[in-house]
Amino acid sequence: GKTIVLITHKLREIMAITDNVTVMRRGEVVANVATKDTDEEHLAELMVGRKVLLEVTKEAAKPGRTVLEVRGLDVVDRFGVRRVKDVSLSVRAGEIVGIAGVSGNGQSQLLAALAGIHAPDRGEIMINGKDVREHGAVDAADMRHLGLAHVPEDRLHEGLVASFAANENVILGYHDDPAYNGRLLLDRGAIVGACDRFMKDFDVRPPNPMLKAANFSGGNQQKLIVAREMERDPDLLLVGQPTRGVDIGAIEFIHSRLIAMRDAGKAILLVSVELDEIMSLSDRILVMFDGGIVGEVARADATEQVLGLMMAGIRPDEIEQHATAGGGAAVPA
5 GKTIVLITHK LREIMAITDN VTVMRRGEVV ANVATKDTDE EHLAELMVGR KVLLEVTKEA
65 AKPGRTVLEV RGLDVVDRFG VRRVKDVSLS VRAGEIVGIA GVSGNGQSQL LAALAGIHAP
125 DRGEIMINGK DVREHGAVDA ADMRHLGLAH VPEDRLHEGL VASFAANENV ILGYHDDPAY
185 NGRLLLDRGA IVGACDRFMK DFDVRPPNPM LKAANFSGGN QQKLIVAREM ERDPDLLLVG
245 QPTRGVDIGA IEFIHSRLIA MRDAGKAILL VSVELDEIMS LSDRILVMFD GGIVGEVARA
305 DATEQVLGLM MAGIRPDEIE QHATAGGGAA VPA
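Under our numbering, the first residue of the sequence shown carries the number 5, and numbering increases by one thereafter.
In structure tokens, the structure reads:
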């Protein structure tokens, strides 16, 4: 007999458990509807103010050369816990490789190691055929110079400085770029101009390069980070939870940009806890459990049931046996 107010942008969640829906857009109520009288497509249109493509449209991938190769990677955290265990994987130009898994199974530590934020304790990382350690890559700046860009999972703590203006945030990690430097000091005119261009290209609102990052919505903060990393024209893009906490319009936009990068021949490694996102964007899917790779599934063979079992630690060759024995196939929460 209790009254519950649920605030969410997740359409499936709305349709599954609510009775009535109030839609807000830009601070105003734009609709009140009974859940039984609407659907996900209609709600998305109300939320954004236009038709939204909920399904990702893409051509078949045309993978090329291997851009990223990882062999036997181990990562031990500051408490001495082995969080990444003997991980090997590869990502080729022109493909998106998704990593699925319940949060906390080593995905964050894997991305941090690949981005140069946390040094691995064992194993090799090769970018464009070069062993990053042999080429002196010891931190994130070195990895960027090898052609890597990184959209971190935690945008507020790892991707932005909230007290910095937007134009200051778009050069984070790239402040040594000659395009942003004058003879002695940073070229503020060039930096503001670049930020203005990023904002227009990625529809960041409000389009004010002088506004502090803290004053942008979550979706626009994310688009600012995505713009900064994608505009560098990297060979390899690492993306962690790209649409966490953003609205449906920003999700559509970010997804379309990732597909465009893939089609332009870039290699993309995507980590997400959203199975819909992994299945929509990925050309190949890896599943992590307890720090290791349980297995790989081609997108054509991937279902929520198969991925759910793998996320619980069941290897692909054990799935049929598990189903025959009457095991459940629920997707882990």
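By construction, the Cβ of each residue, glycine as well, lies at the ideal position given by its N, Cα and C atoms.
- Its Cα nearest to that of residue 223, the residue 259 stands out among 59, 91 and 259.
- A check of alpha carbon separations from residue 100 across 49, 236, 290 and 146 identifies 290 as the nearest.
- The C-beta distance from residue 71 to residue 95 rounds to 6 Å, short enough to fall under 8 Å.
- Taking a C-beta distance under 8 Å as the contact criterion, residue 50 and residue 35 qualify as a contact pair.
- Assignment of beta-bridge partners to residue 83 by DSSP yields no partner.
- Each residue's CA atom was taken as its position, placing residue 46 and residue 311 some 29 Å apart.
- In terms of Cα proximity to residue 14, the closest of 298, 271, 279 and 251 is 251.
- By the C-beta criterion, the stretch 204 to 212 is judged not to be in contact with the stretch 120 to 140, since fewer than 3 inter-stretch pairs fall below 8 Å.
- The three-state reading of DSSP puts residue 290 in strand, counting E and B together.
- Out of 274, 249 and 152, the CA that lies nearest to the CA of residue 233 is found in 152.
- Residue 30 sits in coil when the DSSP states are folded into three classes, being neither helix nor strand.
- The alpha-carbon separation between residue 140 and residue 256 amounts to approximately 38 Å.
- Here residue 55 carries a coil assignment [DSSP, helix/strand/coil].
- A Cβ-Cβ distance of about 7 Å is found for the pair residue 170 and residue 212, placing them in contact under the 8 Å criterion.
- Counting only residues of its own chain and dropping the five nearest sequence neighbours on each side, residue 22 has a CB closer than 8 Å to the CB of 10 and 39.
- Counting only runs of 3 or more residues that sit fully inside the stretch 80 to 135, the beta strand (DSSP E) segments are 86 to 96, 99 to 104 and 126 to 131, in chain order.
- Partner residues in the beta bridge of residue 78, as assigned by DSSP, are 126.
- Per the coordinates, the alpha-carbon of residue 63 lies some 37 Å from the alpha-carbon of residue 165.
- Leaving aside the five residues that flank residue 236 on each side, the residues in its chain whose CB is nearer than 6 Å to its CB run, in chain order, 153.
- For the pair residue 239 and residue 26, the Cα-to-Cα distance works out to about 43 Å.
- Distances from the alpha-carbon of residue 145 to those of 102, 178 and 113 put 178 closest.
- The Cβ-Cβ distance between residue 133 and residue 74 does not fall below 8 Å.
- Selection 318, 275, 168 and 298 evaluated against residue 214 yields 168 as nearest (Cα-Cα).
- In the three-state reduction of the DSSP assignment, residue 9 falls in the coil class, being assigned neither a helical nor a strand state.
- Per DSSP, residue 252 is one residue of the alpha helix (DSSP H) stretching across 252 to 267.
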